[in-house]
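Numbering (my numbering), first residue to last: 263 to 563.
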């Protein structure tokens with residue numbers, strides 16, 4: 263009996279050992295697999311993190327590039343009131359020179375009854391645009407009128423810059439192809455493509471230069487109006503008294519000369535008529551005079 267019990271205990275121990283070994287062997291592969299999956303996941307996460315870290319600086323660099331290349335075209339209209347037109351315009355000219363700008367157009371107008379006004383179109387550097395507007399408004403004797411317009415051309419400028427770089431790379435490749443080409447047909451074809459690309463490059467450069475100039479220098483149009491018009495003085499110079507006197511005298515002389523000329527023409531030109539009419543008129547006059555000298559009728563006596 264005791265021996266049988268020992269055998270059963272030994273069998274149970276062996277079975278338990280086998281089960282424990284099998285369980286351990288099964289858990290190990292699962293552990294390896296889990297470990298492998300986690301390592302791969304960690305690798306992917308680290309890669310994605312690295313990619314994000316790489317993409318983030320590029321985006322920030324691009325945004326920084328756009329901020330650095332910010333191009334805004336400003337145009338302003340000012341209308342100010344001044345006492346003396348020429349003095350005010352001279353002050354504005356001095357302001358423009360001090361800001362490093364230049365005058366595009368300047369003109370004055372003197373109308374009827376002493377009315378005066380003027381207009382100037384100037385261009386000033388962008389960094390002095392706002393201070394210049396304030397300085398011009400400060401010389402106004404009344405309330406100035408201001409209108410400012412801005413056009414953001416940054417996107418167009420950045421796109422054109424990118425296109426320019428791409429075209430320049432194409433031009434460089436075509437130039438290298440031309441050096442390596444041996445057939446005449448290839449040379450002609452490359453030459454045509456190169457000319458077309460060069461023309462596109464020049465057009466893009468021209469547009470870029472225009473946008474840069476327009477954004478670097480702001481355009482300001484200034485309208486000057488005179489505040490108080492002085493009372494009109496005695497215009498002795500415009501009376502022309504002596505000239506008008508001579509004209510009236512000559513007109514009077516011409517009238518009398520014309521009258522005398524008409525009488526002379528009438529006398530001599532109508533001479534045949536006068537030859538007939540004068541005797542008739544004289545006879546009628548004499549007859550009428552004779553009738554007045556006759557005595558009165560008997561009844562009257």
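Built from N, CA and C at the ideal position, the CB exists for glycine as well.
Of the residues 447, 544, 533 and 456, the one whose Cα lies closest to the Cα of residue 438 is 456. Under DSSP, residue 419 takes part in no beta bridge, so it has no partner. In the structure shown, residue 406 adopts coil according to DSSP, grouped into three states. Exclusion of the five residues before and after residue 453 leaves 440 as the residues of its chain whose Cβ lies within less than 8 angstroms of its Cβ. Contact check for residue 402 against residue 338 fails: the beta carbons are separated by 8 angstroms or more. If you look at residue 367, you'll find it in the beta strand (DSSP E) that goes 364 to 372.
Distance from the CA atom of residue 550 to the CA atom of residue 527, rounded to whole angstroms, is 31 angstroms. Across the set 467, 379, 448 and 414, the C-alpha of 467 shows the shortest separation from the C-alpha of residue 430. In this structure, the straight-line span from the alpha carbon of residue 362 to that of residue 388 is close to 10 angstroms. Excluding the 5 residues flanking it on each side, residue 436 has same chain C-beta neighbours closer than 8 angstroms at 452, 455, 456 and 459, in chain order.
The beta carbon of residue 448 lies closer than 7 angstroms to none in the same chain, with the five residues before and after it left out.
Counting only residues of its own chain and dropping the five nearest sequence neighbours on each side, residue 487 has a CB closer than 8 angstroms to the CB of 341, 342, 343, 344 and 379. Contact between the region 348 to 360 and the region 417 to 431 is absent: fewer than 3 CB-CB pairs across the two stretches fall below 8 angstroms. Per DSSP, residue 533 has no beta-bridge partner at all. If you check the CB distance, residue 335 and residue 483 do not come in under 8 angstroms. Three or more beta-carbon pairs separated by less than 8 angstroms link the region 391 to 405 to the region 356 to 371, which places the two stretches in contact.
Its Cα nearest to that of residue 411, the residue 481 stands out among 552, 541 and 481. Judged by DSSP secondary structure, residue 390 falls outside any beta strand (DSSP E); it is assigned neither H nor E. Counting only the Cα atoms, residue 509 lies some 15 angstroms from residue 518. Burial of residue 382 is indicated by the presence of at least 16 other C-beta atoms within 10 angstroms of its C-beta. Rounded to the nearest whole angstrom, the C-alpha separation of residue 370 and residue 353 is 15 angstroms. Secondary structure note for residue 338: its beta strand (DSSP E) is the uninterrupted segment 334 to 344.
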